[in-house]
Structure formats: structure tokens, C-alpha cells
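S.K.: Counting from 2, one number per residue, gives the positions in the sequence shown under the working numbering. All C-beta atoms in this analysis are idealised placements derived from N, C-alpha and C, irrespective of residue type, glycine included. Sharing a structure below in C-alpha cells format, with a few things to ask.
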Amino acid sequence: MERLQKVMAHAGIDSRRKCEQMILDGVVTVNGQTITELGYKVGPSDQIEVRGVPIYKEQPRYILLYKPRQVISAVKDDKDRAVVTDYIQGIEERIYPIGRLDYDTTGLILLTNDGEFANLLMHPKYKVDKVYVAKLEGIPDIKALRRLERGIVLDDKKTSAARARLLSSNVDNQTAVVELTIHEGWNHQVKRMFEAIGYPVMKLKRERYGFLDLGRLQVGEWRELTAFEVNKLTQEAKSQVKSENN
Ligand code: URA
């Protein structure tokens with residue numbers, strides 16, 4: 002469910018502020034009933050009309066992008082750097098990224114125009130596996146990797162159980178490649194976890210998000226999720242959010 006003024010603005014009626022004014026002016030109806038309350042929430046099946054004209058609702062879009070390095074996970078950047086939506090051509094709807102990957106991180110990122118879906122996937126209780134591959138300065142031993150797995154305290158909060166696997170190491174250069182699977186999506190989490198055990202990240206890529214992986218996509222390429230994938234993600238997230246509430 003989303004606020005009425007947000008849905009109206011999203012459908013291109015006007016700015017959110019102007020849409021609020023229209024609601025206060027009593028020109029907006031939901032399922033035939035005039036709504037003058039700004040906190041009113043609507044769902045996908047609600048019929049919204051402005052001065053008797055039904056609003057066009059955008060078709061929901063769900064996109065998986067292989068984000069390149071040096072791209073901002075946003076729809077615009079005040080420094081005019083490349084943003085993730087620059088890569089998505091031929092989609093009219095106003096999509097935005099679900100969560101963020103750092104400017105210098107590559108890999109799997111989802112985009113949508115479905116606010117409910119985005120909120121669900123970003124809910125702190127939705128703990129889907131996120132698999133990262135990091136190139137590190139230094140070669141961590143088993144003990145260091147176990148520390149990551151047991152959890153690292155970042156900003157007074159401990160990361161939940163993770164999995165860490167050494168994929169390769171280069172003794173001459175003193176670098177290593179480690180796969181880390183985590184559940185949360187805190188800011189710079191992977192970099193901070195490795196930093197905490199003394200192995201700074203040189204390169205970072207997100208390879209998986211839940212059951213989704215990059216498949217055959219090349220850097221900068223994207224595809225739409227299938228209806229099956231969208232439903233599976235939605236159900237997974239809903240069941241976790243609900244079961245943790247009980
Ligand atoms: N963790 C990080 O440190 N950076 C990312 O981009 C994603 C997870």
C-alpha cells in the first residue's frame with residue numbers, strides 16, 4: 002500500500018506537493034469515494050480518479066542489471082556521473098534501484114517502479130543471501146574467515162552468520178579472492194567487514210541476490226525478471242517479514 006499522493010505523482014499527474022493540494026481540494030476519489038486525507042493509502046486494485054478522470058497507472062517493471070564500475074546506484078547524480086538507469090533503454094516507466102551498490106562495486110542490482118515490491122525487498126527482516134566476490138589486499142587465513150562467519154560488530158551491531166570461502170590467492174602479489182555470503186544490506190557492509198579483519202577490499206562484485214544470479218549477462222547488460230521470479234521474491238520476502246514478526 003502506498004500513499005495516495007505518491008501514487009498520483011508516480012502516475013505523472015503532478016508533483017507530490019500539487020497532488021496533496023488536489024486531495025485537500027476534494028477532487029480525488031478512490032473507488033468512487035472522495036478522499037481528503039493526506040495519509041490515505043491505496044493498493045494496486047484501487048480505482049483512483051482526479052476530477053472524474055481515471056489515472057493511468059504505470060505497468061510494473063522489474064529489471065536485473067549487471068552494474069558496471071563507476072556508476073551510481075541512483076536515477077540522477079548531482080555531479081553528472083553515470084547512473085544505473087542510463088543503462089536501461091526502451092523502458093518508459095520511472096524505475097529506480099532497489100538498494101545500492103557502491104560506485105566502484107559491480108554486479109547484480111534490481112530496479113523497479115513498484116514501490117511496494119522495493120519496500121518489501123529492502124525490509125530489514127528480509128534476509129536473502131547476497132553473494133559477493135571480493136579481491137583483497139593480503140591473504141586471510143581460516144581463522145580470519147571464521148571471524149567473518151561468526152559476525153563482525155559494525156556500529157554496535159553484529160552482522161548475522163555469514164559464509165566466507167577463499168577462492169584463490171596470489172602469494173607473489175599478496176592478494177586473495179574471497180566469496181562472502183551475507184544477509185543484511187548495510188552501507189558498505191562487505192568492505193567494512195573485510196576492513197575489520199585487516200584485509201581491505203580492492204575490487205567487489207555482487208554475484209547473487211537470493212536465487213537470482215547474473216547468468217549470461219555481460220557488464221552493463223540487463224533483462225526483465227520473469228513473473229515467476231517476481232512472485233518468488235515477493236513470497237520469500239513476505240514469509241520472512243511475517244515469520245519474524247511472530
Ligand atoms: N558491501 C559493500 O561494501 N559495498 C557494496 O557495494 C555492497 C555491499
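#1: Counting only runs that start and end within the segment 109-190, where is the beta strand (DSSP E) found for 3 or more residues in a row?
#2: Suppose contacts are defined by Cβ-Cβ distances below 9 Å. Is V8 in contact with H124 by that definition?
#3: Could you name the residues whose beta carbon sits closer than 6 Å to any heavy atom belonging to ligand 1, keeping them in chain order?
#4: Return the chain-ordered list of same chain residues with a C-beta closer than 7 Å to the C-beta of L218, the five sequence neighbours on each side being excluded.
#5: Have a look at the DSSP bridge pairing and note the partners of I278.
#6: Would you tell me roughly how many angstroms separate the C-alpha atoms of K42 and G139, rounded to the nearest one?
#7: Do I198 and R164 have their CB atoms nearer than 9 Å?
#8: Looking only at its chain, what residues have a beta carbon closer than 6 Å to the beta carbon of A238, apart from the 5 residues adjacent to it on each side?
#9: Can you tell which of R209, S16, G116, K192 has its C-alpha closest to the C-alpha of V202?
#10: Which one or two residues does DSSP pair with E50 in a beta bridge?
#11: Ordered along the chain, which non-local residues of its own chain (more than five positions away) have a Cβ less than 6 Å from that of E59?
M.R.: Inspection of the coordinates gives the following:
#1: 131-138, 164-171, 176-183
#2: Translated into positions along the sequence shown, residue 8 becomes position 7. Translated into positions along the sequence shown, residue 124 becomes position 123. Cβ distance not < 9 Å, so V8 and H124 don't count as in contact.
#3: L102, D103, T106, H189, Q190, V191, K192, L205
#4: For the purposes of this step, residue 218 is taken as residue 217 along the sequence shown, with counting starting at 1. Hits under 7 Å: Y67, R224.
#5: Any question about residue 278 goes unanswered here, given that the chain covers just 2 to 247.
#6: Taking the first residue of the sequence shown as position 1, residue 42 is located at position 41. Taking the first residue of the sequence shown as position 1, residue 139 is located at position 138. Cα to Cα, the separation comes out at about 52 Å.
#7: Here residue 198 refers to the residue found at position 197 of the sequence shown. Here residue 164 refers to the residue found at position 163 of the sequence shown. No.
#8: Locating residue 238 in the sequence shown gives position 237, counting from the first residue. Excluding residues within five positions, the ones whose Cβ falls inside 6 Å are L121, L122, Y127.
#9: Taking the first residue of the sequence shown as 1, we reach residue 202 at position 201. It is K192 whose Cα lies nearest to the Cα of V202.
#10: Position 49 of the sequence shown, counted from the start, is the residue given in the question as residue 50. Answer is T30, P55.
#11: Translated into the one-based positions of the sequence shown, residue 59 becomes position 58. Here the set comprises E94, N114.
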